[in-house]
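Colleague: So the sequence shown is numbered by numbering that gives the first Met the number 0: it starts at 0 and just counts up by one.
Ideal placement from N, C-alpha and C gives every residue a C-beta, glycine not left out.
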Amino acid sequence: MFARIAAVIAAGLVLPSWGTHETCALAPAAPPVQTVPSKVRIGVALSSGSVHGLAHVGVLQELEAHGVDVKVVSGTSVGAVVGSLWASGIPAAKIEAMSRESQWDSHVKPSWITMFKGGPDLDELLAPHYRGLPIEAWPKRFGAVATNLANGHRRVFMTGDGAVAVQASSAVPMLGSPVAIGKEKFGDGALVEPVPVDTARSLGAEFVIAVDVAYRPYEESPSGIAAYGFQAMHILVNSLAERQLRDADFGLRLDLHDTMSRCGPESLVAKGREAMRNAWPELERALAARR
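#1: Return the chain-ordered ranges of every beta strand (DSSP E) run that is complete within the region 27-83 and spans a minimum of 3 residues.
#2: Leaving aside the five residues before and after N237 along the sequence, list all residues of the same chain whose C-beta is less than 7 Å from its C-beta, in chain order.
#3: Tell me whether the beta-carbon of L59 lies closer than 7 Å to the beta-carbon of W85.
#4: Using 7 Å as the threshold, is the C-beta distance between L209 and V196 below it?
#5: Comparing the C-beta of V194 with each C-beta of chain D, is any distance below 7 Å?
#6: Could you tell me the alpha carbon to alpha carbon distance between N150 and M157, rounded to whole angstroms?
#7: Please report the Cβ distance between N147 and R140, rounded to the nearest whole angstrom; I am assuming they are in contact, meaning their Cβ atoms lie under 8 Å.
#8: Starting from the C-beta of G159, find all residues in its chain whose C-beta is less than 7 Å away, skip the five residues before and the five after it, and write them out in chain order.
#9: When the Cα atoms are used, what is the spatial distance from E218 to D257?
#10: Buried or exposed: which applies to S49, given that a residue is buried once 16 or more other Cβ atoms fall within 10 Å of its Cβ?
#11: Expressed to the nearest angstrom, what Euclidean distance is found between the alpha-carbon atoms of G250 and P221?
#12: Please classify L251: does DSSP put it in a helix, a strand, or coil?
#13: To the nearest angstrom, how far is the alpha carbon of W137 from that of A79?
#14: Would you call the CB atoms of T75 and P264 closer than 7 Å?
#15: Pick helix, strand or coil for V178, following the three-state DSSP scheme.
#16: Between L244 and A274, how many whole angstroms is the CB-CB distance? I'm expecting something under 8 Å.
#17: If contacts are defined as beta-carbon pairs under 8 Å, then A293 and S87 qualify, I think. What distance do you get, rounded to the angstrom?
#18: What does the alpha-carbon distance come out to for the pair A92 and V81?
#19: Quick check on the DSSP output: the beta strand (DSSP E) that includes G228 runs from which residue to which?
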């Protein structure tokens with residue numbers, strides 16, 4: 000199921016290079032520890048980034064392993080996909096297992112554009128995992144960021160049908176149709192808030208851990224009209240992301256495209272684990288200062 004979701008996610012803002020993957024050393028999962036109590040309400044803000052969003056799963060695994068009691072989750076685009084599954088009560092290890100049900104390479108090679116246009120809607124793929132529960136009934140407070148395509152304003156979906164909310168947050172311009180909700184049409188939230196720090200605060204987070212996994216313009220040279228069009232979007236998204244990441248209480252910025260190209264998409268979960276593990280001492284100090 001999740002591998003089919005991956006086919007839709009892959010039609011995001013990344014135009015990957017694919018070759019023979021190396022055998023790469025991957026960070027193993029850490030053993031869990033007792034939950035760390037906190038007097039502040041902790042939130043995580045998960046960015047857009049297409050297939051790079053698998054790194055979000057590894058970051059969440061490390062937060063779980065260190066016992067960080069996250070109450071609020073905000074997500075944009077792929078961050079909304081991963082964040083919604085986690086906020087609805089699915090452990091991060093289970094989300095990783097779901098992503099490994101099939102071989103990722105068969106879903107995210109250049110044919111992903113065709114798959115996206117002809118495949119099932121993302122809301123249909125996600126809905127069974129939410130077990131019929133609306134967003135407001137999930138264990139963690141959740142918000143998905145989308146863009147109102149009529150006026151360019153941010154819209155945060157924090158109640159109702161989570162599958163439709165995430166589909167709206169992930170509707171990439173030029174590749175997917177806008178999502179109609181009522182009389183309005185919505186598209187990818189990365190156009191307005193690629194790193195949804197403000198959204199996490201609006202949901203009640205007092206300490207925001209932000210994770211930016213966007214594709215970087217310098218990671219691959221564009222070639223062709225379509226690639227230059229996406230390069231323009233990457234530049235826009237990164238400009239917004241850099242500013243929004245600075246507003247977080249703790250920010251984690253990952254460059255992932257080289258790892259994905261060399262080691263395959265399945266390496267990204269481990270890359271997220273490794274990044275959060277290395278950053279943990281600094282995050283622990285920041286959290287202690289707020290307790």
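Modeller: Judging by the given coordinates:
#1: DSSP runs (the beta strand (DSSP E)) wholly in the region 27-83: 41-45 and 69-75.
#2: Working through the sequence shown from its first residue, we reach residue 237 at position 238. Shown here for N237: same chain residues with a beta carbon closer than 7 Å to its own, the five before and five after excluded, namely A213, R215 and P216 in chain order.
#3: Along the sequence shown, read from residue 1 onward, the residue named residue 59 stands at position 60. Along the sequence shown, read from residue 1 onward, the residue named residue 85 stands at position 86. Cβ distance < 7 Å, so L59 and W85 count as in contact.
#4: Counted from its first residue, the sequence shown places residue 209 at position 210. Counted from its first residue, the sequence shown places residue 196 at position 197. For the sequence presented, residue 209 should be read as Ala rather than Leu. The answer is yes: Cβ separation under 7 Å.
#5: Structure shown: chain D not included; a single protein chain is present.
#6: Locating residue 150 in the sequence shown gives position 151, counting from the first residue. Locating residue 157 in the sequence shown gives position 158, counting from the first residue. Going by the C-alpha atoms only, they are around 20 Å apart.
#7: If you number the sequence shown from 1, residue 147 lands on position 148. If you number the sequence shown from 1, residue 140 lands on position 141. Not confirmed; about 22 Å, so no contact.
#8: Within the sequence shown, numbered from 1, the residue matching residue 159 stands at position 160. Around G159, the same chain offers P133 and I134 as residues with beta carbons nearer than 7 Å, after the five sequence neighbours per side are excluded.
#9: Within the sequence shown, numbered from 1, the residue matching residue 218 stands at position 219. Within the sequence shown, numbered from 1, the residue matching residue 257 stands at position 258. Approximately 7 Å, taken between the alpha carbons.
#10: The residue you call residue 49 lines up with position 50 of the sequence shown. The residue is buried, with at least 16 neighbouring Cβ atoms inside 10 Å.
#11: The residue given as residue 250 occupies position 251 in the sequence shown. The residue given as residue 221 occupies position 222 in the sequence shown. If you take the alpha carbons of G250 and P221, they lie about 28 Å apart.
#12: Within the sequence shown, residue 251 is the residue found at index 252, counting from 1. Looking at L251 - three-state DSSP - the assignment turns out to be strand.
#13: In the sequence shown, residue 137 corresponds to position 138, counting from 1. In the sequence shown, residue 79 corresponds to position 80, counting from 1. Each residue's Cα considered, the two are about 14 Å apart.
#14: In the sequence shown, the residue the question calls residue 75 occupies position 76. In the sequence shown, the residue the question calls residue 264 occupies position 265. Not closer than 7 Å, so no.
#15: In the sequence shown, counting from the first residue as 1, residue 178 sits at position 179. In this structure, V178 counts as strand in the three-state DSSP scheme.
#16: To locate residue 244, count along the sequence shown from 1; it is residue 245. To locate residue 274, count along the sequence shown from 1; it is residue 275. Contact between L244 and A274 fails: their C-beta atoms lie close to 14 Å from each other, not under 8 Å.
#17: Absent from the structure is residue 293, since the part of the chain shown begins at 0 and ends at 290.
#18: Residue 92 sits at position 93 when you count from the first residue of the sequence shown. Residue 81 sits at position 82 when you count from the first residue of the sequence shown. Going by the C-alpha atoms only, they are around 12 Å apart.
#19: Within the sequence shown, residue 228 is the residue found at index 229, counting from 1. Counting along the chain, G228 sits inside no beta strand (DSSP E); it lies in the alpha helix (DSSP H) bounded by residues I224 to R245.
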